[in-house]
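For what it's worth, my numbering labels the leading residue of the sequence shown as 7, then goes sequentially. Quick notes on the structure that follows.
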Amino acid sequence: MSDAMPKARASRGEIRAACSARAEYLLPLLFIALGSLCFWQARDMSQLGAVFPMTIAAVMILASVLRLLQLTLHRVIDNIERHQDSTPRRVLLVVAMAVWALLMPWAGFLLTGLASFVTLMLIAQHDAWTSKRLVSYLIAGAVLVACFYGLFALLLNVPLPVGRWFMG
Numbered sequence: 007m008s009d010a011m012p013k014a015r016a017s018r019g020e021i022r023a024a025c026s027a028r029a030e031y032l033l034p035l036l037f038i039a040l041g042s043l044c045f046w047q048a049r050d051m052s053q054l055g056a057v058f059p060m061t062i063a064a065v066m067i068l069a070s071v072l073r074l075l076q077l078t079l080h081r082v083i084d085n086i087e088r089h090q091d092s093t094p095r096r097v098l099l100v101v102a103m104a105v106w107a108l109l110m111p112w113a114g115f116l117l118t119g120l121a122s123f124v125t126l127m128l129i130a131q132h133d134a135w136t137s138k139r140l141v142s143y144l145i146a147g148a149v150l151v152a153c154f155y156g157l158f159a160l161l162l163n164v165p166l167p168v169g170r171w172f173m174g
């Protein structure tokens, strides 16, 4: 980027959009619609089975409404400094998440969770790698995947895929 290009700085009372100010309003509206769809789908579930999706939907809708309120109260400015090279990273993130979801039935939650964490970490990392950063991220990833496994499989009693490759 050249120094001649004007820089839009978010001053007090302003919010810098991720890309465009108009798009900043779109995501909360999308999450409100998604949360409403979750409520609609949960109506056919058992009372106990509907607790988790309805709780997540309610939190998602509340957070989205709060975000829309924040955007309404503050001026949203376009991000003219946005780096165009971030588009391939975004596409790779979506592809990595899709591959994770598709491999989970065959490789299981734990293995694919760890592999996807490492993959997403490699894609999303902008700064230079140091051995300390790598080790700390790998430890954090292992702890996060183990915590999510414990939360869902043990505490919430949600059956997670073990993996067809490991079932015999």
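Yeah, the Cβ is synthetic: ideal placement off N, Cα and C, and Gly gets one too. Owing to the predicted nature of the structure, the values given are computational and were not obtained by experimental measurement.
Worksheet item: Nearest-angstrom Cα distance between P165 and W112?
Response: In the sequence shown, the residue the question calls residue 165 occupies position 159. In the sequence shown, the residue the question calls residue 112 occupies position 106. Cα-Cα distance, rounded: 15 Å.
Worksheet entry | 4 or more residues per run - each alpha helix (DSSP H) lying fully within the region 129 to 165 | Within the region 129 to 165, the complete alpha helix (DSSP H) segments of 4 residues or longer fall at 137 to 155, listed in chain order.
Worksheet item: Is R81 helix, strand or coil by DSSP?
Response: Within the sequence shown, the letter at position 75 stands for residue 81. Three-state DSSP puts R81 in a strand.
Worksheet entry | Same chain, Cβ closer than 6 Å to W106, neighbours up to 5 away in sequence not counted | Start at 1 with the first residue of the sequence shown, and residue 106 comes out as number 100. Within the same chain, W106 has close Cβ partners T118 and S122.
Worksheet item: Does the separation of the CB atoms of R81 and E20 fall below 8 Å?
Response: Numbered from its first residue, the sequence shown carries residue 81 at position 75. Numbered from its first residue, the sequence shown carries residue 20 at position 14. Yes, Cβ-Cβ distance for R81 and E20 is below 8 Å.
Worksheet item: How many Å lie between L99 and L108 at the Cα?
Response: Mapped onto the sequence shown, residue 99 falls at position 93. Mapped onto the sequence shown, residue 108 falls at position 102. Annotation: L99 to L108 spans about 14 Å, alpha carbon to alpha carbon.
Discussion item. Tell me which residue opens and which closes the alpha helix (DSSP H) that Q53 is part of.
Written reply: Here residue 53 refers to the residue found at position 47 when the sequence shown is read from its first residue. Taken as a continuous stretch (DSSP letters only), Q53 belongs to no alpha helix (DSSP H), as it is neither H nor E.
Practice prompt. Can you have a look at P94 and say buried or exposed, based on whether 16 or more other CB atoms are within 10 angstroms of its CB?
Written response: Translated into the one-based positions of the sequence shown, residue 94 becomes position 88. Its Cβ having fewer than 16 others within 10 Å, P94 is exposed.
Worksheet item: Between which two residues does the alpha helix (DSSP H) carrying M168 extend?
Response: Your numbering for residue 168 matches position 162 in the sequence shown. A small correction: the amino acid at residue 168 is Val; Met does not occupy that position in the sequence shown. V168 -> no alpha helix (DSSP H), and no H or E assigned at all.
Discussion item. In the DSSP assignment, the alpha helix (DSSP H) including G114 goes from what residue to what residue?
Written reply: Taking the first residue of the sequence shown as position 1, residue 114 is located at position 108. First-last for G114: undefined, no H or E at that position.
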